[in-house]
Amino acid sequence: MFMAPQCRQAPGRIHDRVVTDDRRKDNDTFAQQFSVLRLLPKTRSATDAMSELLITLPGGSLDLLRGHVLRDGEPVKIEPRAWRVLEKLARLRHRVVTKEELLAALRPEGTATEDALRQAVRVARRAIGDDGPQPIIRSIPRVGYIFDLPSAQGAAHAAAGMPRELVPSLIIGPLRDHTGQPGLHWAANGLAACIAHGLSMDGRLHVQDAQSLPTSWPQEHLRMLQLLRAAGARHAVLGSLSLAGSELALDLQIHDHDRKTVIAIRAATPAGLVLPAIKTLQQTLLGDDKPHDSTHGLHGHSLQSIELFARAKHCVAINRHAAALRALDLLRRLDPGFPRLELELLRAQALCGSDDALVTAARLLDAARRDRAEGLEAQARQCMGTLHHVKGQLREAAQSFQQALMLGRGCMPPHWQGQTLTLLASVECRLGELHSVAARLDEAQAIFTRIGSHWGLLTVLWLRAIMSSLSGHAEQSIRWNRKLVKVARRLHANTALASVCLNLAGELVYADRLEEARECAEEATATALAIEADLSLLSTVANIHCLLHRLQDRPDAAAELLSLLPQPAAVQDDGFIWQAHGHAAMAAGRVDEAADCFLQSATECRRRGNRAAEAPLLPWLVEALVLSGRLAAAQAELERAEAQAHLQDETTTANLLYPRALLARRRQQEPETRALLARLDTAPAALPLFRRLGQELSAAPGDAQREPPKPLAPPNAEMRRQYRFAQCLLDMERRELWVDGRRQAISPTPFDVLVHLYHNRHRVVTQDELLDTVWHKAAGSPELVAQAIAKIRQAMRRSKTHAARIQTLYGKGYRLLADAHAQPDDDPAAALLSDLHPAHERPLAVVPLPTGKPGPTGPDPDWACPLEVIGYTLAMHAQLKRMSAAEVQACVDGAAAATPEVLAAAIGARHPDTHVLFARLVRRDDTLVLEYVLVSPAGRNEGSLQDRSPTALGRRLAARLVRLHAGATQVHAPSVDEGAWTMQMLDLASRAAEEHRGNDALQILDVVLDQDPDHDLATALKARIGTR
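Here the sequence shown is numbered in UniProt numbering, starting from 1 and rising by one per residue.
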């Protein structure tokens, strides 16, 4: 989701810090795309695509953006009612649009007759010249109409949008900082982004933005090169920054497949490296000695402006968009002619949700149209889509992304087109327009496969996993997400990892596989907190995790998790934090409070137009209203759901049977209660979690219970939704048998017999066992078993391969002869992701100290979540691999004594080169105190740290570990003047204050303090100006 850290950020203990380690960086883009709600209404997915805004017709065109039809270059008059019908058909082309949909479009304010619809269709056909042998608007008898554009036109449209594949592409990774100068912490990301910015103005190059890759960059050269090459660019540029006497040395390595070119640049200041680097890279990549369009580049601009821009890009890289916006706004005041500054400012304003973005966008679009710069206009439209998404205006966001895509097809590089397609697909998912998502993803996947972008494919396949869930294939979605978790770990894509684990946890929760979901939810939560993700992702993760805590009866854990997030009234989101508080209140038995939270969440969802969030919220909302005694409000919510088209899908209707039965039980309408529960138990589309809750309600005595239901025993393999063997598929949710891709009619009892035979296919199953298991020891006979076996064989006999059969062993029983084989990749693009080899990472074990002495007793439950966050943050910033709790416990159980040295030795014996953190947390007021012992192959470090955020504690531990590895004997080269830029800014602020321009002076000082919050002179000067 496109969330702005400025207006949607967690409290100060999470965000308000300056980060000096570039490995904190984890870009918003992935989180923007993947905070699509975990469970959308599960309508049937189709491959029909929403048309683009400009459709080429035989002899003319249809412009949906401007609302007119052109024939032979001249506009055609068309009455408004016919235009509304034509627009509806064109936007939903390649699928049948029903008469009811067209009648609603024909006259939104009231009813319309079918005669009026036929007349409007005739006028629309006449307007577009639909009189050829192949009609464009085809009538589907008794159903509706379809806009069927001839395939030749579609091919021509696709060909018109083919990118220029011969243009060289490159990506520049963050620089490795070997200077040892704290004041140059911004240079690693800032200088690389500034160089890329200068090169992007050369039309002969396609420059990818490394800051858009959601990864924490490793320091190892080969590993960083692999991550850069995974972006699909032809040239990958790696660089390192070091000291050479009193100068700075920038060494760049240009990798083109197996060829490597090394260039070295020297300058007295960091900003002085930028222009020589741009010129040298142009000469090396393009083979000429003349810079292209140098008058439009960074030439002629001061080093002060270049450094200010680089510092702003560093803030973008570490997700501090508000600080970046302040720096760019200051740069516009100091140097309004800085190249492409308006576009960068618009991007920052969009991510922050600033209303000033509308003014900037209007100015930028006017300039783009005046100069006929379609590429600039396309990028501005994309930024407008981001702004609308941040503000919750999903329909406007989708329109802006469509406009950007239409403009950029012929002039923007392939990776930009693919990214815009995935952004548009994610918005359409949230709008519930699933008919167009599949086509968007098909096109994006073709682009990313062609250029070899693993990052793009990761995005596409994640959205395909969402689509698998929406179409009812939960097991396939779970399988895909497990693969994507591995890929995200290999790419160090921490935002992607948190998002994929979130999706996987949600699938498992609603599949009622709670123990599996717990591990995924803990990793998603700890990773999101460790990277200080935007509030959109944090709130969605918290919602799923608090629901899991509620189902497993852990109210204290839910309360501890919510203590790490802001209060819902203090932020703006789609209501996920309110939902999380509602689940936590239900876990603690505070039903009235939970009902209020769910009502507030529903209000936020509806206010922001997020239809996708309503479907999973409704059952919990109605349940809380019923349990709190607000029966009239619960009935009103159910009636409202019946009147909303986007809530009429099969799964939402089936899941609402549970709260409907709960309401009937509270009203003492027992016959209706039993009827609703019976429907829920047999509804194929009902999610297993709600089916289980319905079974508990059915077993409960007369009145509904106010306490949250207790979870069942840990799930086993029988709770899976689908089983595949030979050429057969058992769909457990719909209780169907498919053979050779065709559904076979089979009654419930033979189906249960087949399921039991499948689970025990490794052995012979006796008749008595089948009678006990399937017939539940009821009156039965061997003849019933034989009849069921005969029906199963009859269904399997229809297979062309006969790869599965049931063997009868006389006097013993039956055995299913079929091997359950591993599933192949569900998508050809997954093969590209499989060639990413995992990097060797040193393991990290976290052992809690609950009583001041290390031991296997486990942490205080109240501190389990903060300790997990500390462990994941330490692992991420120190490039370690987090060991699972089960692995650590197995090592601790075998230790001879409970001392750090003995436990570390026991863990190291099983897992060599392990880092072991012994930790204990104590809360003092609003501060967390961490007492720790860190044992690593490089030595031992112990002490205590204090901070308000567990994420900050993990970062500081990582810094101490890095210093421990580096050793205390490191000799630093002579220092460069790293404070020259700061002093120039302070001088500007002083002169502004002397000239009584206090606001200008305060703006400059805010930017300085964004870079160095502890700068005493800037703080004192700001305080002095503020008192005037």
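Note that the Cβ used here is the ideal one computed from N, Cα and C, for glycine as well.
Note down the Cα distance separating residue i from residue j, rounded to an integer number of angstroms.
i, j, result
"A361", "A380", "6 Å"
"C352", "L92", "33 Å"
"A533", "L565", "11 Å"
"V933", "E942", "4 Å"
"E475", "A192", "43 Å"
"T749", "V785", "9 Å"
"D1000", "Q399", "37 Å"
"F598", "G589", "15 Å"
"I577", "M586", "14 Å"
"V622", "A82", "42 Å"
"T673", "D768", "35 Å"
"L771", "A788", "11 Å"
Which of helix, strand or coil does DSSP assign to residue i?
i, result
"C728", "strand"
"R842", "strand"
"F918", "strand"
"G59", "coil"
"S936", "strand"
"I172", "strand"
"L849", "coil"
"D740", "coil"
"T386", "helix"
"I263", "strand"
"Q572", "coil"
"K881", "strand"
"H454", "helix"
"R107", "coil"
"T808", "strand"
"R924", "strand"
"H583", "helix"
"A588", "coil"
"I531", "coil"
Note the first and the last residue of the continuous beta strand (DSSP E) segment covering residue i.
i, result
"A249", "E247 to D256"
"A236", "H235 to A244"
"V500", "Per DSSP, V500 belongs to no beta strand (DSSP E); it is in the alpha helix (DSSP H), N494 to Y510."
"D947", "G939 to D947"
"V69", "H68 to R71"
"G816", "Looking at the sequence shown, residue 816 is not Gly but Leu. G813 to L817 is the extent of the beta strand (DSSP E) around L816."
"S139", "I137 to I140"
"P75", "E74 to V76"
"I318", "Run containing I318: none; DSSP gives neither H nor E here."
"F690", "Taken as a continuous stretch (DSSP letters only), F690 belongs to no beta strand (DSSP E), being part of the alpha helix (DSSP H) at P688 to A699."
What are the boundary residues of the alpha helix (DSSP H) that residue i is part of?
i, result
"P619", "E614 to L627"
"V785", "P782 to M796"
"H1015", "Premise fails: H1015 is in no alpha helix (DSSP H) and is neither H nor E."
"H549", "L535 to L551"
Can you tell me whether residue i is buried or exposed? The criterion is at least 16 other CB atoms within 10 Å of its CB, across all chains shown.
i, result
"V774", "buried"
"D925", "exposed"
"V892", "buried"
"I306", "buried"
"P413", "buried"
"R126", "exposed"
"G871", "buried"
"M983", "exposed"
"R1024", "exposed"
"D553", "exposed"
"D72", "exposed"
"V1007", "buried"
Are any of the Cβ atoms in chain B nearer than 8 Å to that of residue i?
i, result
"V485", "Within the model displayed, chain B is absent; a lone protein chain is all it includes."
Taking only heavy atoms of the ligand NAP into account, decide whether any of them is closer than 7 Å to the Cβ of residue i.
i, result
"P1013", "This structure lacks the ligand NAP, and indeed carries no ligand of any kind."
Legend entry - At least 3 beta-carbon pairs within less than 8 Å: the region 741 to 760 vs the region 806 to 819: Verdict: yes, contact present.
Inset, instruction - Examine the Cβ distances between the region 343 to 352 and the region 312 to 329 and report whether three or more of them are shorter than 8 Å. - result: A contact exists between the region 343 to 352 and the region 312 to 329.
Legend entry - Inter-stretch contact (C-beta, 8 Å, three-pair minimum) for the region 230 to 237 and the region 449 to 456: Flag = yes, the region 230 to 237 and the region 449 to 456 touch.
Legend entry - Segment contact, 8 Å Cβ cut-off, at least three pairs: the region 900 to 918 with the region 985 to 992: Inter-segment contact for the region 900 to 918 and the region 985 to 992 is absent: fewer than three beta-carbon pairs are separated by less than 8 Å.
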